[in-house]
Amino acid sequence: MKEWALKWAQGVILGFCRGKIELNRVIGMLRRAEKYGVKSDELLSIIEVIEESPVYLPFMSNEEKRSKLKPLKEIFNKGDNK
451 MKEWALKWAQ
461 GVILGFCRGK
471 IELNRVIGML
481 RRAEKYGVKS
491 DELLSIIEVI
501 EESPVYLPFM
511 SNEEKRSKLK
521 PLKEIFNKGD
531 NK
């Protein structure tokens with residue numbers, strides 16, 4: 451079940467980066483993923499991979515991805531997602 455939750459979290463983060471999902475909804479969805487065993491550091495790892503990999507969102511520069519994902523990264527770095 452955790453593997454599914456990780457994939458789901460990845461999709462949610464990508465949707466946010468594309469502008470399809472609002473920040474407050476993403477936070478709620480990622481909190482739900484935590485109930486399936488996903489940890490904050492795993493979410494941060496997913497965010498970092500999306501920021502750096504050209505495979506994810508190839509139409510966006512790394513800088514654009516970083517700026518869009520900054521609010522999420524700050525939330526999960528602080529551990530405020532509990």
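Quick note: the sequence shown uses our numbering, first residue 451, plus one each step. C-beta atoms are modelled at their ideal positions from N, C-alpha and C, and glycine is treated no differently. Note that this is a predicted model, so its numbers are computed, not measured.
Item to check | Stretch pair the stretch 476 to 492 + the stretch 511 to 520: three plus CB contacts closer than 8 Å | outcome: no
Next on the checklist: Please classify Glu501 as buried or exposed, where buried requires at least 16 other C-beta atoms within 10 Å of its C-beta.
Outcome noted: buried
Checklist entry - Residues in its own chain within less than 6 Å of Tyr506 by CB, not counting five upstream and five downstream? => result Ile500
Item to check | From Lys452, Phe526, Trp454, Met451, residue whose alpha carbon lies closest to that of Ser495 | outcome: Phe526
Item to check | C-alpha gap between Asp491 and Pro508, whole angstroms | outcome: 24 Å
Checklist entry - Anyone know if the C-beta pair for Leu480 and Ala455 falls short of 7 Å? => result no
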